[in-house]
Structures are given as C-alpha cells and as structure tokens.
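Chemist: Numbering of the sequence shown is given in the working numbering, commencing with residue 3 and proceeding in unit increments.
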Amino acid sequence: MVLAAVALASTSAYLTRYCISVANTTIEAELGLTPSQMGWVFSAFNIGYLFFQVPGGALGTRFGTRVSLPFLSTLWSALTVWTSAVFSFVPLIASRIAFGAAQAGLVPNTAKVICDWFPVSRRGFGSATIGAAMSVGSVITFGLTAWLLERFDWRTVFQIYSMVGIVWAAGYFWFSRTRPSEHRLVNEAELRLIAGEGSEAEPKPQADSPKRGLTWQRLAVMAGSLSMWGICIQSAFRAAGYIILVTWFPAFLEKGFGITREEAGLMSMAPTAGVIIGTIFGGAIVDWLLRKTGSKRISRTSVGMGALAVCSFITLSAAWTGSPYQLVAAVTGGAIFSGAGSPAAWATTMDMAGKLTAEVMGIMNMTGTLGGLVTPAVLGYMIENIERTGGDWNQVIYVAAGVYLAGSLCWLAIDPNVTVDEPRTST
C-alpha cells in the first residue's frame with residue numbers, strides 16, 4: 003500500500019512535468035518563442051532539478067519521508083500554477099527552474115521509502131514499480147493533455163493538473179509513516195522480514211551509531227570509487243535518451259511528418275508505454291537473477307548493460323523507417339529495453355549507498371540530470387537548424403541511439419558489491 007501511494011506521487015509529478023511537451027507548439031506560438039528558446043525552457047527544469055537533488059534527499063533524512071514527500075508535492079503543484087500564469091520567456095524560464103528544484107527530491111525520497119519498507123531481495127520490484135509509475139504519468143500526460151488542449155487553453159490544463167499533487171499530498175500525509183514500525187498496519191513478521199535483509203529503517207539506529215549523512219570522508223570515498231562514477235555517468239546518458247521521448251518527441255512528429263498536435267500527442271504515448279512494459283519486466287528479471295545466482299553483478303550489471311545496448315540498436319533502426327507509425331514502432335521497441343535497464347540502475351545505487359540511500363541516490367540522479375539539462379537545449383538548436391535548412395530529421399535519432407550506447411558502456415566500470423557510505427569498501 004505504501005509502494006502504491008508513492009507510485010501515485012511519481013505519476014502525479016510526471017503529469018505536471020511533461021504536460022508542457024504536448025503544449026510545446028501552442029506555447030511557442032502564443033508567447034512568440036523560437037524552437038531554440040523552447041529548448042531552453044525544457045532545459046530550465048533540469049537546472050533546478052540538478053542542484054536540489056541532494057538537498058531534496060536530505061529533507062527525507064532530516065524530517066522523514068512522511069513530511070518531505072507531501073511538502074514537495076504541494077510545492078511543485080503551486081509552481082505549476084505559476085507556469086500557467088506567465089506571458090513571456092524569462093518568467094517561463096524562472097518558473098521551470100523553481101519547478102525542477104521542487105521535484106528534485108522525488109527520486110531520493112522515493113528510494114529511501116523503498117529501502118525503509120522493502121528487503122534487499124525485493125528492491126528490483128519496488129524500483130520497477132516506481133519507474134513504471136513515472137512512465138504511466140508520461141503516457142497519461144501525452145494522451146490526456148492532447149485531448150484537453152482541444153477543449154481548454156493550456157493554462158487551464160496546467161492548473162487542473164496542479165490540483166492532483168495537492169490532493170495526493172494530503173492523502174499521503176494522513177495514511178503513510180516514515181518507518182514501518184510506526185505504522186499500525188505493519189505486523190511483527192513484516193518487521194522481521196525487512197530488518198533481516200538490510201532495511202534502512204529497521205532496526206532504528208542506536209545512540210552510538212556512526213554519524214549519518216554526508217561527511218567529507220564519505221564524499222572522498224565516493225569521489226574515488228570507479229563504480230560510483232560509472233553509475234552516475236550512465237545515469238546521465240540514460241536520462242539524455244529518455245528526455246528526448248518526453249520533451250521533443252511530440253514536436254518531432256508534428257514538425258517532421260506534418261501531423262496534427264493531437265495526433266502527435268497520442269502517438270507519443272506509445273514509447274512511454276514501452277518504457278512501462280520494459281521497467282516491469284526489468285524489475286522482475288533483476289530480482290529473479292539475484293535469487294537464482296546470488297550475484298549482484300549478474301543481476302544488476304548484466305541487465306543494465308545489455309538492456310541499453312539493445313535499446314541503442316533498435317532506436318537506430320528508426321532512421322530507416324518511412325512513416326510516423328513505423329518510426330514510433332521502432333522507437334517504442336527501443337524504449338522497452340531502455341525501461342528494462344532502469345530497475346538495475348536503481349537497485350545498484352541502493353546497494354552501493356549502504357545507509358545513505360537518499361543522499362547517494364540524489365547524487366546519482368543529480369548527475370543524470372546533466373543529460374536532461376543539455377539534451378533539450380541541443381535538440382532545440384538542432385531542430386531549428388533542420389527547419390531552416392531542410393536538413394535530415396534522422397539526426398535526432400542518431401543522437402538518441404548514441405547516448406544509449408554510451409550509457410551501456412558505462413556499466414563496464416560498475417561493481418554493485420562496492421559500498422560508498424563509509425571510508426572503506428566491501429565486496
């Protein structure tokens with residue numbers, strides 16, 4: 003029940019995060035923006051998202067996830083209303099930076115909930131559920147926003163979506179607790195199961211336990227860990243590939259094939275639906291391989307590397323398609339394998355984090371945000387140039403395939419048995 007509640011937070015967050023992608027051309031025309039300026043609008047979210055990952059995760063460590071998640075959800079919902087009220091480029095940029103900062107704590111705090119409430123052997127399932135919920139939010143956003151924009155102006159749609167996060171925040175604060183031991187519906191058998199497999203939440207730290215949180219010594223261990231560098235850099239490449247699907251892909255279909263805004267929005271649902279399927283499948287594979295082999299390298303590393311490699315080659319095949327339907331089918335096939343690699347990355351980060359799940363997940367996701375920050379802006383200039391010169395739209399596909407392949411190669415450096423929460427490593 004707690005996992006379902008947190009998954010709803012991810013779905014709600016993605017409603018407000020990516021409704022702007024479907025409204026892209028509408029906002030561009032109303033505010034008199036160019037494609038390159040819209041590229042910076044997409045990237046602006048990632049500026050705030052980048053710098054507030056670790057502070058957002060620290061909120062959960064300091065105040066507990068029961069408080070931090072509802073607070074953040076209410077904040078990003080209010081900032082969505084601000085976005086709906088702007089009439090020029092600079093305020094739009096500012097609102098998206100602030101919105102990104104508010105949503106930065108979602109992933110670190112969600113990862114902490116999984117570590118608090120799930121044993122190690124079920125973290126693949128927990129991670130897959132959250133990843134799938136995020137993409138469910140994207141699918142709903144593309145289809146529902148395309149439908150709503152034919153009936154309401156984009157400002158009203160944004161305001162409607164903001165109410166979802168506020169309602170969720172109230173419900174989660176009433177229902178959830180930070181630790182399983184604090185919830186009246188959790189029994190002793192469940193507590194023993196969680197505590198027996200390395201939960202962060204059980205048992206509670208003793209008074210003489212080592213100081214928790216980031217210290218200079220722990221940061222030095224992370225900086226010297228090849229695995230930490232690998233998991234962070236693969237996150238940047240994986241995010242760069244995904245951000246193409248959820249920012250520029252509707253406009254890519256609309257501009258590249260001359261289809262309507264509603265058609266582009268509806269067709270963009272397919273790749274994000276593929277991510278959902280792949281994420282669920284990947285989570286099941288990660289947990290199954292760990293049970294069968296007892297090896298985190300096989301369970302995490304092989305799945306993460308293989309999934310992104312296959313994704314790269316299937317995505318590349320989209321360059322040889324001749325219709326928007328064929329292109330969407332190829333991109334969806336690649337998206338399935340992109341999603342399959344996500345639970346492996348989450349599980350690996352939690353394994354490596356030790357007792358610093360929120361902080362280490364925040365660092366990993368912060369690095370990943372660099373891909374989300376750079377890619378939309380670069381694509382904005384690329385698409386503007388393609389429109390101006392009549393260039394090859396397949397350039398966008400080449401970029402997507404390349405970043406997925408680079409992400410796959412990063413897994414060569416990753417050992418999920420290495421921990422980075424203390425000034426030592428264990429294998």
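The beta-carbon is built from N, C-alpha and C at its ideal position, and this holds for glycine as well.
Note that the structure is predicted; figures quoted are calculated from it, not measured.
Do you know how far the Cα of G308 is from the Cα of P252?
Modeler: Computed Cα separation, rounded: 28 Å.
Chemist: Rounded to the nearest angstrom, how far is the Cβ of M352 from that of R125, given a contact under 8 Å?
Modeler: So it is a contact: roughly 6 Å between Cβ atoms.
Chemist: Looking only at its chain, what residues have a beta carbon closer than 6 Å to the beta carbon of S301, apart from the 5 residues adjacent to it on each side?
Modeler: Here the set comprises V288, L291, L292.
Chemist: On the CB-based measure, 16 or more other CB atoms within 10 Å of its CB, does K114 come out buried or exposed?
Modeler: The residue in question, K114, is buried, as its Cβ has 16 or more Cβ neighbours within 10 Å.
Chemist: Expressed to the nearest angstrom, what Euclidean distance is found between the alpha-carbon atoms of S12 and A135?
Modeler: The straight-line gap from Cα to Cα measures roughly 6 Å.
Chemist: Quick one: what's got a C-beta closer than 7 Å to I261's C-beta in the same chain, skipping five residues either side?
Modeler: Closer than 7 Å at Cβ, skipping near neighbours: L255, P326.
Chemist: Below 8 Å, how does it come out for the segment 336-352 and the segment 83-91: are there three or more Cβ pairs, yes or no?
Modeler: At 8 Å Cβ cutoff, the stretches do not touch.
Chemist: By Cβ distance, which residues of its chain are closer than 6 Å to W250, with the 5 residues on each side in sequence left out?
Modeler: These residues qualify, in order along the chain: L381.
Chemist: Can you tell which of A9, A104, G34 has its C-alpha closest to the C-alpha of A46?
Modeler: When only C-alpha atoms are compared, the closest one is A104.
Chemist: Would you please state the rounded distance, in angstroms, between the beta carbons of V312 and A320? I believe it to be under 8 Å.
Modeler: Going by Cβ atoms, the distance from V312 to A320 rounds to 14 Å, so no, they are not a contact pair.
Chemist: Taking the beta carbon of L187 as the centre, do at least 16 other beta carbons fall within 10 Å, making it buried, or is it exposed?
Modeler: Exposed: under 16 other Cβ atoms inside 10 Å.
Chemist: Suppose the cutoff is 6 Å on Cβ atoms and the five residues either side in sequence are ignored; what does the same chain contact list for A346 look like?
Modeler: So the list reads V288, R302, V305, G306, once near-sequence residues are dropped.
Chemist: Helix, strand or coil for T427, going by three-state DSSP, please let me know.
Modeler: Only weak support exists for where T427 lies, its pLDDT of 43 falling under 50; the value from the coordinates is given anyway. Correct three-state label for T427: coil.
Chemist: With respect to the alpha helix (DSSP H) encompassing D118, which residues constitute its N-terminal and C-terminal limits?
Modeler: Start and end: 108-119.
Chemist: Leaving out five residues before and five after F91 in sequence, what residues of the same chain have Cβ atoms less than 7 Å from its Cβ?
Modeler: Answer for F91: L33, L35, Q39, listed in chain order.
Chemist: How long is the line joining the alpha carbons of L5 and F175, rounded to whole angstroms?
Modeler: In a straight line, the C-alpha of L5 is about 14 Å away from that of F175.
Chemist: Is the segment 398-417 in contact with the segment 225-245, if contact means three or more CB pairs nearer than 8 Å?
Modeler: Verdict: yes, contact present.
Chemist: Drop a sphere of 10 angstroms on the beta-carbon of K294, count the other beta-carbons inside from all chains shown, and report buried for 16 or more, exposed for fewer.
Modeler: Exposed, since its Cβ has fewer than 16 Cβ neighbours within 10 Å.
Chemist: Inspect the beta-carbon positions of M354 and V422 and report whether they are closer than 8 Å.
Modeler: Yes, these two residues count as a Cβ contact at 8 Å.
Chemist: So, for M366: in the same chain, excluding its five sequence neighbours on each side, which residues have a beta-carbon less than 7 Å away from its beta-carbon?
Modeler: Here the set comprises I233, C234, S237, T351.
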